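In what follows, a structure is listed as structure tokens, so that the remarks can point back to it.
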Ligand code: B12
Ligand code: SF4
């Protein structure tokens with residue numbers, strides 16, 4: 020029998036219940052990992068369980084003649100669905116090696132490798148390690164010496180030496196055309212009616228103590244050169260006629276010069292693209308006027324900023340290396356240049372006091388005043404392993420999963436943190452509701468214009484919420500209970 024050069028890469032479902040946002044994102048982790056395989060002539064099947072109607076049936080059919088199955092996962096529901104997929108493969112009697120990669124396995128490689136459905140864990144950047152594994156496995160050779168993997172055999176866990184991280188510019192373009200039905204990943208959103216996700220860098224130089232980046236990429240940031248980004252964007256335009264790009268980089272604006280050159284190139288090539296990307300608040304105050312001008316002219320719709328907290332104490336505890344004033348200043352600068360800025364804030368950090376949370380609400384409201392609308396996002400702290408905040412959460416009673424199976428039922432969204440009571444969550448949602456309607460965004464206003472019922476709802480909610488914000492009165496949230504019960508009409 021000729022050895023199989025077929026590889027199956029599986030991207031498990033990332034939500035237990037209802038998907039928590041309306042968009043459909045291309046599975047970039049498996050797409051990136053697959054790029055060198057395609058270039059080397061492998062037959063690769065990419066399965067995105069978030070969009071496939073029958074992902075397990077497809078998986079079994081594709082695995083029958085494959086040499087290797089790769090599973091990608093973050094901490095959270097993907098572990099559950101990844102394990103479910105592996106169980107189906109083994110139950111069907113298929114014996115091909117199963118390799119896990121992505122953030123969760125990279126942070127906890129030994130623990131992950133001890134699972135019965137994990138033959139090897141690929142740590143960190145996946146392209147070259149997977150390519151070497153595929154080569155050895157498809158030739159029937161021993162793969163236990165491959166650099167960058169961890170595996171458990173006969174109860175013994177082996178951690179092979181790490182693989183030097185490669186320059187991502189050396190990797191082939193992400194093969195979007197190999198996705199099953201690539202067009203389903205076009206989203207109608209602010210940046211464009213045909214927007215797609217794309218990533219131009221790996222890692223982040225910052226050291227936030229709740230984040231996975233410093234753990235996996237060691238605070239190194241590797242980015243495509245401007246020409247590479249431009250040719251990728253041209254491909255996406257010609258292949259899918261995209262008019263919007265959501266950058267999935269953890270941080271995009273690390274080098275002002277690079278960001279500027281990409282934007283200058285977009286303008287010079289006449290690309291008509293809206294886009295948005297992650298920035299750190301202190302970066303914006305340092306950009307020149309020319310940079311803002313070029314970014315805006317190239318179609319930058321919004322800076323996406325992880326503000327996390329309005330409390331200096333909390334920002335220091337999480338080593339965010341920013342101050343509340345940086346958050347406000349970034350809002351002023353972006354607004355002055357006519358570019359939107361949206362922030363993500365988190366409440367419920369381990370040990371966070373009511374007073375500190377109040378400071379966050381104050382900053383959220385100040386930002387809304389500066390930008391003229393509430394367009395931040397409120398998240399509850401979701402513990403992920405391997406960092407100081409997670410250890411602190413454990414000290415405060417978070418039960419720590421001890422195996423991959425236990426991680427499978429660890430829900431990062433409706434977190435089981437002892438201090439995150441329903442009452443606490445409700446109080447935070449009330450405050451958010453008052454900001455949403457006290458400072459209605461363009462999106463809320465647009466929705467209101469769609470029908471009389473919606474207009475009436477938004478008008479009532481806005482009048483009451485604006486009065487609450489003016490008086491800073493948050494008690495007796497009868498309006499919230501009432502309005503929350505009624506949908507926005509129509
Ligand atoms: C988009 C995104 C999402 C989307 C995913 C939708 C989609 N279809 O892509 C959604 C909104 C669902 C999401 C949810 C969550 N996310 Co998220 N997300 C991201 C984000 C911004 C981009 C992911 C991406 O496309 N990366 C680009 C690809 C190319 O990079 P990559 O994953 O590193 O892939 C490389 C390697 O990991 C490896 N690799 C990856 N998979 C595989 C598989 C195999 C077989 C091999 C060999 C190698 C390999 O090779 C790749 C190429 O080098 C990342 C941050 C980031 N920039 O990566 C956070 C990130 C992955 N998310 C994170 C978190 C915390 C979450 C949530 C827990 C948040 C929450 N509060 O609920 C949830 C978890 C949901 C779940 N597990 O099911 C963390 C991961 C933490 C962790 N311990 O896993 C990240 C890193 C953010 C951060 N900075 O901390 N997320
Ligand atoms: S700036 Fe963002 S991506 Fe970078 S370490 Fe902090 S939270 Fe993670």
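In my numbering, the protein residues as written are 20 to 509.
For each residue, glycine too, the CB sits at the ideal point set by N, CA and C.
It should be emphasised that the depicted structure is a prediction, and the values quoted were computed from it without experimental measurement.
Kindly list the residues whose CB is nearer than 7 Å to the CB of residue i, restricted to its own chain and excluding five residues on each side of it in sequence; keep chain order.
i	result
residue 201	195 and 259
residue 439	367 and 399
residue 370	411 and 415
residue 165	148, 151, 152, 155 and 179
residue 379	328, 329, 330, 364 and 366
residue 487	453, 457 and 493
residue 320	209, 210, 293, 294, 295 and 359
residue 427	98, 99 and 102
residue 376	366
residue 404	94, 126 and 127
residue 71	77
Keeping to the same chain, check which residues put their C-beta closer than 6 Å to that of residue i; ignore five residues upstream and five downstream.
i	result
residue 300	324, 341, 345, 346 and 349
residue 184	144
residue 351	389
residue 171	132 and 133
residue 64	27 and 81
residue 429	420
Sorry if obvious, but does the Cβ on residue i come closer than 7 Å to a heavy atom of the ligand FMN?
i	result
residue 145	Of the ligands this structure carries, namely the ligand B12 and the ligand SF4, none is the ligand FMN.
I need the straight-line Cα distance from residue i to residue j, nearest angstrom please.
i	j	result
residue 317	residue 284	9 Å
residue 95	residue 287	42 Å
residue 406	residue 231	8 Å
residue 90	residue 478	48 Å
residue 274	residue 382	27 Å
residue 315	residue 460	20 Å
residue 501	residue 441	18 Å
residue 217	residue 282	15 Å
residue 76	residue 373	49 Å
residue 121	residue 93	6 Å
residue 25	residue 55	13 Å
residue 30	residue 69	8 Å
residue 73	residue 116	22 Å
residue 549	residue 137	Here the chain comprises residues numbered 20 to 509, so residue 549 is not present and cannot be evaluated.
residue 480	residue 491	16 Å
residue 463	residue 476	11 Å
residue 483	residue 354	27 Å
residue 498	residue 109	53 Å
residue 33	residue 401	15 Å
residue 250	residue 199	22 Å
residue 53	residue 504	46 Å
residue 297	residue 167	29 Å
residue 162	residue 252	36 Å
residue 395	residue 455	9 Å
Would residue i be called buried (16 or more neighbouring beta carbons within 10 Å of its own) or exposed?
i	result
residue 336	buried
residue 38	exposed
residue 84	exposed
residue 419	exposed
residue 333	buried
residue 35	exposed
residue 40	exposed
residue 495	exposed
residue 435	exposed
residue 339	buried
residue 257	exposed
residue 276	exposed
residue 173	exposed
residue 42	exposed
residue 437	exposed
residue 222	buried
residue 57	buried
residue 272	buried
residue 422	exposed
Leaving out the 5 sequence neighbours to the left and right, which residues in its chain are closer than 8 Å to residue i when beta-carbon positions are compared?
i	result
residue 215	45, 195, 204, 205, 206, 255, 259, 261, 263, 264 and 265
residue 51	145, 146, 190, 193 and 218
residue 212	262 and 263
query = When the Cβ atoms of the region 124-138 are set against those of the region 407-415, are three or more pairs found closer than 8 Å?
reply = no
message = Would the region 322-338 count as touching the region 219-233 if we require 3 or more Cβ pairs under 8 Å?
response = yes
ask   = Within the chosen definition, does the region 127-138 reach the region 161-178 through at least 3 CB pairs nearer than 8 Å?
value = The region 127-138 is in contact with the region 161-178.
ask   = Hey, is the region 441-449 in contact with the region 386-396, meaning 3+ C-beta pairs nearer than 8 Å?
value = Under the three-pair Cβ rule at 8 Å, the region 441-449 does not count as touching the region 386-396.
Touching by the beta-carbon criterion (3+ pairs, under 8 Å), the region 144-158 and the region 104-114 = Counting Cβ pairs under 8 Å, fewer than three are found: no touch.
Contact the region 298-315 vs the region 232-245: 3+ CB pairs below 8 Å = no
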